[in-house]
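Scroll down for the structure; my scribbles are underneath it.
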Amino acid sequence: MGEASGGRGAGEESGGRGAGGASGGASGGRSAQLKHTGLRPGWTTGACATAATTAAYTALLTGDFPDPVTITLPGGQTPAFALAVEELHDGRATAGIVKDAGDDPDVTHGALVRATVRLLPPGSGVVFRAGPGVGTVTLPGLPLDVGEPAVNPVPRRMMREHVARAAAAHGGAGDVEITLSVDDGEEIARSTWNPRLGILGGLSILGTTGVVVPYSCSAWIDSIRRGVDVALADGQTHVAGCTGSTSERTVVAEYGLPEIALLDMGDFAGAVLKYVRRHPVERLTVCGGFAKLSKLAAGHLDLHSARSQVDPSFLAALARRGGADEALAAEVAAANTGLAALRSCLARGIALGDLVASAARDEALTVLRGAPVAVDVICIDRAGAVVGRSSVR
């Protein structure tokens, strides 16, 4: 699971909640903008949780909250975070930090991440708990055991390291219980992959670097991988890579697949195929809009409009293969959209949708490189009607 940008993530994502104040966020330790993009990076929930934990534990040991509190990220950056919450009483300390996702439209931008730290008996180590708004793992296949709070391995390591540093600096033993919570986290999590991955009750505490890179694809791709892992661990033998909610409804209607078998592929067909190549499932259905899947058929593995385009000349060649005469092929080659090309062919009895689906299946099989995965492809129109399908191979 990773910090998400550009789409759904396993706990944090772009889209849906792009707004939200970042007062109390971090400063220092990063450049104001990313090179070449002019976009400002932000901080992961894992970084925020680490900073909040460091401040709370320091307050338990010294009686004072460091504000701002500085942490060291895996890449060596040293951001400083202003505190939005400071509470110290009855042997517990709570610190809260408002997440600043920079210029990324991250669903958790502006969320208040809290850490409550309580001292434990010597030898207890560091124990993590899920507070309100942080999810709990309920399905196998994730890098956390069932029943564990959804705090990913790298943030756990970061918090342990910073607890140890604070203990060494202020004479503590380093044996603590850390309860993490996110205000409104359960509601925010409904816009993420978490429910589908069996993470219930809230968000995940995520991040492998501590830094949110605006509009990066890494988290969405990581969520696809975790979706495959969870489906395999659940014993699913048939999964579907879908470009959106309409295609998801189509494959459910076609095959009766459960939600756990649905992969929110988006534009990342290559990510699905390459991961399934290494982690085979018996059958993979790829379902999406005709135009997007025509790009897969033409050999593109990233279907985003900024990185690949519908190729009318390729569609014309497919139409000829299906029996189109030169007049129709020329009409297809001159079409300004994939849908226009499809309609022209349908009007002349040429099954361009089936031809695209079959070519896309063949491209998928090429990427799978002989992995024991049966593949079929379904093309739909914008209303979700099936306009092309391949056989299973």
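Using our numbering, you'd call the opening residue of the sequence shown number 520 and step up by one each time. Ideal Cβ placement from N, Cα and C applies to all residues, glycine included.
Let me see if you follow: with CB-CB separation under 9 Å, is M784 close to chain B or not? Within the model displayed, chain B is absent; a lone protein chain is all it includes.
Mapping DSSP to helix, strand and coil, what is E667? The sequence position of residue 667 within the sequence shown is 148, counting from 1. Residue state, collapsed to three classes: coil.
Counting along the chain, where does the alpha helix (DSSP H) carrying E605 start and finish? Taking the first residue of the sequence shown as position 1, residue 605 is located at position 86. That residue, E605, is in no alpha helix (DSSP H); its beta strand (DSSP E) goes V604 to H608.
Contact check, P891 vs V731 under 8 Å by CB: the rounded distance? Residue numbering aside, residue 891 sits at position 372 when the sequence shown is read from its first letter. Residue numbering aside, residue 731 sits at position 212 when the sequence shown is read from its first letter. Their Cβ separation, rounded to whole angstroms, is 37 Å, which puts P891 and V731 out of contact at 8 Å.
Stretch pair the region 838-846 + the region 868-878: three plus CB contacts closer than 8 Å: yes
Measure the C-alpha to C-alpha separation of C761 and A817 and round it to an integer number of angstroms. Taking the sequence shown and counting its residues from 1, the one referred to as residue 761 is at position 242. Taking the sequence shown and counting its residues from 1, the one referred to as residue 817 is at position 298. Spanning the two alpha carbons is a distance of roughly 18 Å.
To the nearest angstrom, how far is it from the Cα of L579 to the Cα of E606? As a first step, residue 579 is located in the sequence shown; it is residue number 60 there, counting from the start. As a first step, residue 606 is located in the sequence shown; it is residue number 87 there, counting from the start. So the alpha carbons of these two residues sit roughly 10 Å apart.
When you compare the region 567-585 with the region 681-694, are there three or more beta-carbon pairs, one atom per stretch, that lie closer than 8 Å? yes
Tell me whether G650, by its Cβ, gets closer than 8 Å to a heavy atom of the ligand ADP. Among the components modelled here there is no ligand, and therefore nothing to report on the ligand ADP.
Between which two residues does the beta strand (DSSP E) holding V617 run? Within the sequence shown, the letter at position 98 stands for residue 617. Here the beta strand (DSSP E) through V617 covers R611 to V617.
Beta-carbon proximity check, L658 vs D753, cutoff 9 Å: Numbered from its first residue, the sequence shown carries residue 658 at position 139. Numbered from its first residue, the sequence shown carries residue 753 at position 234. Result yes, Cβ atoms of L658 and D753 sit closer than 9 Å.
Check D821 in the structure and name its three-state DSSP category. Counting from one through the sequence shown, the residue named residue 821 turns up at place 302. Reduced to three states, the DSSP call for D821 is strand.
Between the CA atoms of D664 and R549 - distance to the nearest angstrom: Position 30 of the sequence shown holds residue 549. Position 145 of the sequence shown holds residue 664. Here the model assigns R549 a pLDDT of 38, short of 50, so the residue's position is not dependable, and the following value carries that caveat. Using only the alpha carbons, I get a separation of about 34 Å.
DSSP beta-bridge partners of I740: Position 221 of the sequence shown, counting from 1, holds the residue named residue 740. In DSSP, I740 forms no bridge with anything.
Please state the DSSP three-state secondary structure of F600. Within the sequence shown, residue 600 is the residue found at index 81, counting from 1. DSSP places F600 in strand when its eight states are reduced to three.
List the residues that DSSP assigns as beta-bridge partners of W712. Taking the sequence shown and counting its residues from 1, one reaches residue 712 at position 193. Answer is none; W712 lacks a bridge partner.
If I measure Cβ to Cβ from T569 and keep anything under 8 Å in the same chain, skipping five residues before and after, which residues do I get? Stepping through the sequence shown from its first residue, residue 569 is reached at position 50. Closer than 8 Å at the Cβ level, and outside the excluded window around T569, lie I590, P674, M677, M678, H681 and G729.
First and last residue of the alpha helix (DSSP H) that includes F787? In the sequence shown, counting from the first residue as 1, residue 787 sits at position 268. That residue, F787, is in no alpha helix (DSSP H); it is neither H nor E in DSSP.
Take A904 as the anchor and find which of E773, V851, R880 and P777 has the nearest alpha-carbon. On the sequence shown, residue 904 is found 385 positions in, with the first residue counted as 1. Closest option to A904, Cα to Cα, is E773.
Check this for me: beta carbons of S655 and P668, under 9 Å apart or not? Walking along the sequence shown from the start, residue 655 turns up at place 136. Walking along the sequence shown from the start, residue 668 turns up at place 149. Correcting the residue identity first, residue 655 is Thr in this sequence and not Ser. Taking 9 Å as the Cβ cut-off, T655 and P668 qualify as a contacting pair.
Reference L812; option with closest CA among A846, A603, V829 and T727: Along the sequence shown, read from residue 1 onward, the residue named residue 812 stands at position 293. Closest option to L812, Cα to Cα, is V829.
Can the beta-carbon of A649 be found less than 9 Å from the beta-carbon of S710? Along the sequence shown, one-based indexing puts residue 649 at 130. Along the sequence shown, one-based indexing puts residue 710 at 191. It is not a contact, given that the beta carbons lie outside the stated cut-off.
Would you tell me roughly how many angstroms separate the C-alpha atoms of I897 and R880, rounded to the nearest one? Along the sequence shown, read from residue 1 onward, the residue named residue 897 stands at position 378. Along the sequence shown, read from residue 1 onward, the residue named residue 880 stands at position 361. Distance between the alpha carbons of I897 and R880 is about 9 Å.
Leaving out five residues on either side along the sequence, give the residues of the same chain with a beta carbon under 8 Å from the beta carbon of G610. Walking along the sequence shown from the start, residue 610 turns up at place 91. L579, R637 and L638, listed in sequence order.
Look at the alpha carbon of F833 and the alpha carbon of N713, and state the distance between them as a whole number of angstroms. Position 314 of the sequence shown, counting from 1, holds the residue named residue 833. Position 194 of the sequence shown, counting from 1, holds the residue named residue 713. Their backbone Cα atoms lie some 39 Å apart in a straight line.
Between F584 and the rest of its own chain, which residues show a CB-CB distance below 8 Å, the 5 nearest in sequence each way excluded? For the purposes of this step, residue 584 is identified with residue 65 of the sequence shown, where counting begins at 1. Excluding positions up to five away in sequence, the list reads A574, A575, T577, A578, L602, E605, L607, A612 and A614.
Terminal residues of the continuous beta strand (DSSP E) containing H681? Residue 681 sits at position 162 when you count from the first residue of the sequence shown. Segment P672 to H689 is the alpha helix (DSSP H) holding H681; no beta strand (DSSP E) there.
Pull up the distance between the alpha-carbon of G789 and that of N855, whole angstroms please. Against the sequence shown, residue 789 aligns to sequence position 270. Against the sequence shown, residue 855 aligns to sequence position 336. When rounded, the distance between both Cα atoms is 26 Å.
Along the chain, where does the beta strand (DSSP E) containing A759 start, and where does it finish? Sequence index remark: in the sequence shown, residue 759 carries index 240 (1-based). Its beta strand (DSSP E) spans residues H757 to C761.
To the nearest angstrom, how far is the alpha carbon of D586 from that of W739? Walking along the sequence shown from the start, residue 586 turns up at place 67. Walking along the sequence shown from the start, residue 739 turns up at place 220. Looking at the two C-alpha atoms, the distance is approximately 33 Å.
With DSSP as the reference, identify every bridge partner of E898, one or two as the case may be. As a position in the sequence shown, residue 898 is number 379, starting the count at 1. The sequence given here has Cys at residue 898, not Glu. Looking at the DSSP assignment, C898 forms a beta bridge with G807 and G907.
State the Cα-Cα distance for the pair G857 and V911, rounded to the nearest angstrom. In the sequence shown, counting from the first residue as 1, residue 857 sits at position 338. In the sequence shown, counting from the first residue as 1, residue 911 sits at position 392. Rounded to whole angstroms, G857 to V911 spans 24 Å at the Cα level.
Quick check on this structure: which residue in L815, D619 and A686 has the alpha carbon closest to the alpha carbon of T581? For the purposes of this step, residue 581 is taken as the residue at position 62 of the sequence shown. Checked all of L815, D619 and A686; the closest Cα to T581 is A686.
Candidates G721, I724 and G621, of which the one nearest L558 by Cα: Taking the first residue of the sequence shown as 1, we reach residue 558 at position 39. It is G621 whose Cα lies nearest to the Cα of L558.
Range covered by the alpha helix (DSSP H) that runs through L858: For the purposes of this step, residue 858 is taken as the residue at position 339 of the sequence shown. Unbroken alpha helix (DSSP H) run through L858: G857 to A866.
Taking 8 Å as the limit between beta carbons, can you name the residues of its chain near R908, skipping five residues before and five after? Taking the first residue of the sequence shown as position 1, residue 908 is located at position 389. Around R908: G872, D873, A876, D895, V896, I897 and C898.
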